[in-house]
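Notes follow the structure.
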Amino acid sequence: MKMTLKKIGNLKVAALFAPAFFICAAAPVSAAGLRTKFGEVVVRNLKIGQVYSLNKLLNLPLRVLNTGAQTVDLKIDVLMISTANAQAGYDPIPEASWVTLERREFSLEPNHEAVTDVIVSIPNEPKYLGKRYEAAIWSRTQSKHEMFAVGMQSRLLIHVDSVAPTKDELKNKYVNKRLANLDFTLFPTGGKIEDVALGVNIDLKKEHKLSIKLINPNDEKLNFRIRSVPNWEALLKVPQGYVDAYDAAWLKPASEVVAMEGNSVQETGLMLNIPDDERNRGKSFFFPVSVEILEQEIPARIYYTLAVQTRR
């Protein structure tokens with residue numbers, strides 16, 4: 003799959019042992035039914051003899067969203083590319099153990115997100131100083147008969163620092179923690195309202211009987227964060243005839259954080275206020291709502307969607 007690199011800025015990240023890390027990310031990569039922001043990622047100034055979590059250092063786990071209408075089995079693997087397929091100036095990673103995934107297999111419902119940390123481990127060998135390496139990450143759906151239906155490839159580019167780590171840096175070698183195995187369910191997963199008045203606060207639960215039911219099947223008491231997010235962040239498929247809402251802040255949760263006991267069900271509402279502006283009249287807007295567990299080290303999001311048609 004051809005991917006166009008789009009530089010979105012240099013992000014300096016403070017870490018336990020590194021002076022600076024920089025990242026460049028590509029525009030989102032997608033295949034029919036799958037989408038990810040982890041298109042092409044560059045990490046620089048990585049020290050030999052260290053283990054790096056892209057989530058902890060860059061807040062960049064690998065997230066794959068199921069934009070299709072059916073539940074899919076998703077499998078993710080790190081691929082060692084050939085020298086011929088490597089970008090100019092890069093070599094394939096020397097060993098598959100250089101890049102590993104915290105989790106590789108998922109059962110993914112529609113509008114659900116698979117999330118896994120990407121771990122980069124560089125051996126403590128001087129021959130790697132100043133070198134650049136490339137790995138591919140292959141995400142694809144899988145049938146029960148081991149046949150692949152939809153797939154997309156991400157690219158990870160690694161720049162090894164030319165300076166060896168100090169003794170203190172080697173002592174602080176990072177050891178990654180396991181991802182909490184927590185799950186939850188939303189019901190329903192979407193709603194639709196028509197003939198919506200502009201310029202007024204609308205309680206969707208009271209006036210349209212629309213709400214989100216959260217189901218916590220875990221034994222633990224958990225806190226759920228609910229946010230209306232722009233679709234460039236959610237990457238959901240917009241229904242035909244609708245456009246992304248101009249401002250995600252028009253839609254707000256009744257409670258931004260919902261505390262739930264284990265093995266319980268709780269209902270929460272949404273508040274809508276679309277400004278009374280000519281450009282908003284007679285429009286069909288699409289709002290994604292993100293729900294995630296705050297106790298998860300790498301939160302996996304489930305999306306509720308709201309389709310709104312405004313009054314002319």
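Offset between the sequence shown (1-based) and my numbering: plus 2.
Where is the CB? At the ideal position from N, CA and C, for every residue including glycine.
Select from the options the residue whose C-alpha is nearest the C-alpha of residue i.
i	options	result
Asp79	Pro94, Ala88, Glu104	Glu104
Thr38	Val44, Gln155, Glu107	Gln155
Leu60	Val122, Phe226, Tyr135	Val122
Ala309	Leu212, Val117, Tyr54	Leu212
Tyr248	Ile204, Pro290, Ala98, Arg106	Pro290
Glu127	Trp100, Pro255, Val259, Asn57	Trp100
Leu322	Asp75, Glu294, Trp140, Gln144	Outside the displayed range of the chain (3 to 314) lies residue 322, so it cannot be described from this structure.
Gly41	Arg106, Gly35, Leu62, Pro96	Leu62
Ile139	Ser257, Val43, Arg281, Trp252	Val43
Glu111	Leu159, Tyr130, Asp75	Asp75
Ala250	Trp234, Tyr54, Asp185	Trp234
Glu1	Ala302, Arg314, Asp197, Tyr305	Any question about residue 1 goes unanswered here, given that the chain covers just 3 to 314.
Pro232	Glu222, Ser292, Ile204, Lys208	Ser292
Ala116	Asn282, Ala236, Asn220	Ala236
Gln72	Leu253, Val120, Asp221, Ala151	Ala151
Rounded C-beta distance between residue i and residue j? I'm assuming under 8 Å.
i	j	result
Leu200	Pro277	7 Å
Met273	Leu224	Not quite, the Cβ-Cβ distance comes to about 23 Å (not below 8 Å), so this is no contact.
Asn113	Leu238	6 Å
Val267	Lys215	6 Å
Note the first and the last residue of the continuous beta strand (DSSP E) segment covering residue i.
i	result
Glu115	115-118
Leu48	42-48
Lys254	253-255
Leu36	36-38
Lys207	No beta strand (DSSP E) holds Lys207; the alpha helix (DSSP H) holding it covers 206-210.
Ala309	304-312
Ser109	107-110
Ile228	224-230
Asn68	64-68
First and last residue of the alpha helix (DSSP H) that includes residue i?
i	result
Ala247	Segment: none, Ala247 is in no alpha helix (DSSP H) and carries neither H nor E.
Leu56	56-60
Ala236	233-236
Going by DSSP in three states, residue i sits in which element: helix, strand or coil?
i	result
Leu188	strand
Thr73	coil
Ala182	Confidence in Ala182 is poor, its pLDDT being 47 and thus under 50, which makes the residue's placement unreliable; the coordinate value appears in the next sentence. Coil.
Pro128	helix
Leu137	The sequence given here has Ala at residue 137, not Leu. The answer is strand: DSSP assigns Ala137 an E or B state.
Val177	Caution is warranted here: a pLDDT of 41 is assigned to Val177, below 50, making its placement in the model unreliable, and the coordinate value is therefore given only provisionally. In this structure, Val177 counts as coil in the three-state DSSP scheme.
Lys194	strand
Thr85	helix
Cys26	Annotation note: pLDDT 44 at Cys26 (below 50); position unreliable, no value reported.
Ala20	Per-residue confidence for Ala20 stands at a pLDDT of 31, beneath the threshold of 50, marking its modelled position as unreliable; the derived number appears in the next sentence. Coil at Ala20, not helix or strand.
Asn265	coil
Lys215	strand
Lys8	Residue placement at Lys8 is flagged as unreliable, the pLDDT there being 30, under the threshold of 50; a coordinate-derived value is accordingly withheld.
Gln298	coil
Asp279	coil
Asp170	helix
Ala151	strand
The stretch 157-167 touching the stretch 50-57, judged by at least three CB pairs closer than 8 Å: yes
Stretch-stretch touch, CB-based, cutoff 8 Å, three pairs: the stretch 223-240 with the stretch 187-203: no
The stretch 85-97 touching the stretch 133-140, judged by at least three CB pairs closer than 8 Å: yes
Three CB pairs or more closer than 8 Å across the stretch 239-251 and the stretch 280-298: Between the stretch 239-251 and the stretch 280-298 there are three or more C-beta pairs closer than 8 Å, enough to call the two in contact.
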